[in-house]
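J.: Residue numbers for the sequence shown follow our numbering, so the first one is 665 and each next one is one higher. Using N, Cα and C, we set each Cβ at its ideal position, and we do this for glycine too.
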Amino acid sequence: MLKFKRVLVTGAAGFIGFHLSRRLLQDGCRVTGLDNLNDYYDVNLKKDRLAQLAQMADFDFSHTDLTEAAALDRVFDQGDFDVVVNLAAQAGVRYSLTNPAAYINANLVGFGNLLECCRHHQTRHLVFASSSSVYGANTHMPFSVRHNVDHPVSLYAASKKANELMAHTYSHLYQLPCTGLRFFTVYGPWGRPDMALFLFTKAMLADQPIQVFNHGRMQRDFTYIDDIVEGVARVMARLPQANPDWDGARPDPGSSYTVYRVYNIGNNQPVALNDFIQAIEAALGREAKKTYMDMQPGDVPATYADIDDLARDVGFRPQTSIETGIARFIEWYRAYYGQ
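1) For T787, which of helix, strand or coil comes out of DSSP?
2) How far does the alpha helix (DSSP H) with S823 in it reach, from first residue to last?
3) Apart from the five residues on each side of it in sequence, which residues of its chain come closer than 8 Å, Cβ to Cβ, to Q716?
4) In this structure, how does DSSP classify R1004 when only helix, strand and coil are distinguished?
5) Under 8 Å Cβ to Cβ from P873, same chain only, skipping five residues before and after it: list those, please.
6) Since L689 contacts F723 with CB under 8 Å, what's their CB separation in whole angstroms?
7) For V899, does the three-state DSSP call read helix, strand or coil?
8) Please name the residue, chosen from G774, G1002, D729, P982, that lies closest to I892 on a Cα-to-Cα basis.
9) Do the segment 736-751 and the segment 804-823 meet, that is, are 3 or more Cβ pairs less than 8 Å apart?
10) Can you name the start and end residues of the alpha helix (DSSP H) that V739 belongs to?
11) In whole angstroms, what separates the C-alpha of A734 from that of V757?
12) Do F862 and T967 have their beta-carbon atoms positioned less than 8 Å apart in this structure?
13) By the 10 Å Cβ neighbour count, where 16 or more other Cβ atoms means buried, how is N708 classified, buried or exposed?
14) Should Y927 and D890 be called a contact, given that it needs their Cβ atoms to be closer than 8 Å?
15) Tell me whether L937 sits in a helix, a strand or coil according to DSSP, three-state version.
16) By Cβ distance, which residues of its chain are closer than 6 Å to K710, with the 5 residues on each side in sequence left out?
17) Tell me the DSSP secondary structure of T865 in three-state form.
18) Do A752 and T696 have their CB atoms nearer than 8 Å?
19) Out of M805, M959, N931, which one is the CA nearest neighbour of E894?
20) Whose CA, out of G800, Y834, R788, lies closest to the CA of A822?
21) Look up D712 in the DSSP assignment and say whether it is helix, strand or coil.
22) Tell me whether N750 sits in a helix, a strand or coil according to DSSP, three-state version.
23) Which stretch, first to last residue, makes up the alpha helix (DSSP H) that contains H683?
24) Throw me the rounded Cβ distance for the Y838 and R783 pair, which I believe falls under 8 Å.
25) Confirm, please, whether the CB-CB distance from L790 to P857 is below 8 Å.
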């Protein structure tokens, strides 16, 4: 197990980064949170998350963009970090169809700069966010880290797959311990305004129709934020080990001959979109007005995580039901927006 006291969390003003930073601070870590505060969604929400963290001891914030190599290197010079958790990225599948440059810059150039800093500053463990989107055109369920993921259907997914390849290369060349985490549809309090739960809740409280893509025939492995954070914290404390049985003639995509691993973190219980909407209706006490839409380019019809590797290696399986998670989100939403 890795003992760590100083942690760099990139994307700390983001949804997952905020929750992880708060958890680490509560556990007694010193956290440097880094974020560029871009305007992909409401910057005030990001600032309000940071304000929550600023009230806690041992939190420092750096307003830095990963694409600024010199500025990022200065953060590392001052930090002496035990673990780096990269949650900074240009998020969103649909946005990548109209703003591809944002993904090239943040997710490829920025991640490359981060790898270089981790290499030169001899970071003991880099944990980085990948995505369930890497499974792309795959249809065999549940999605396993043992499956080949060479057919992404969005630039966002391709950039996350590229991150996995880049990290593996640094593990191979420089023995940099890297662990990639494929998150499955994360939701909960302080969530992103571009995600379904936020959009549906906002529209339903305003008595506006919601857009239901693929005519409701979508399935998602909705994963509550507390479960995600618990999984990340446990992975942080476990250095990836080389797989002694890895065979180049029959390569296992989920492990390696070097200090590199990748895990799924999902609820392991896919939920139909219509059932998800019914749970929101129950929590709000009102019925949604639905506008049924075709599948959007870049989307996939279903996600479903095989989490056996995660459970075996860190002893954790997400367990929060959508009913519990949605109720907690709506309680936060009403309080935050004065609804």
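T.: To lay it out plainly:
1) coil
2) 819-838
3) F682, R686
4) In this structure the chain extends from 665 to 1003, so residue 1004 is not present and cannot be described.
5) A867, A952, K953, K954, T955
6) 6 Å
7) helix
8) Of the candidates G774, G1002, D729, P982, the one whose C-alpha sits nearest the C-alpha of I892 is P982.
9) no
10) 733-743
11) 29 Å
12) no
13) exposed
14) no
15) helix
16) A677, L701
17) helix
18) no
19) N931
20) G800
21) helix
22) strand
23) 679-690
24) Going by Cβ atoms, the distance from Y838 to R783 rounds to 5 Å, so yes, they are a contact pair.
25) Cβ atoms of P857 and L790: not closer than 8 Å.
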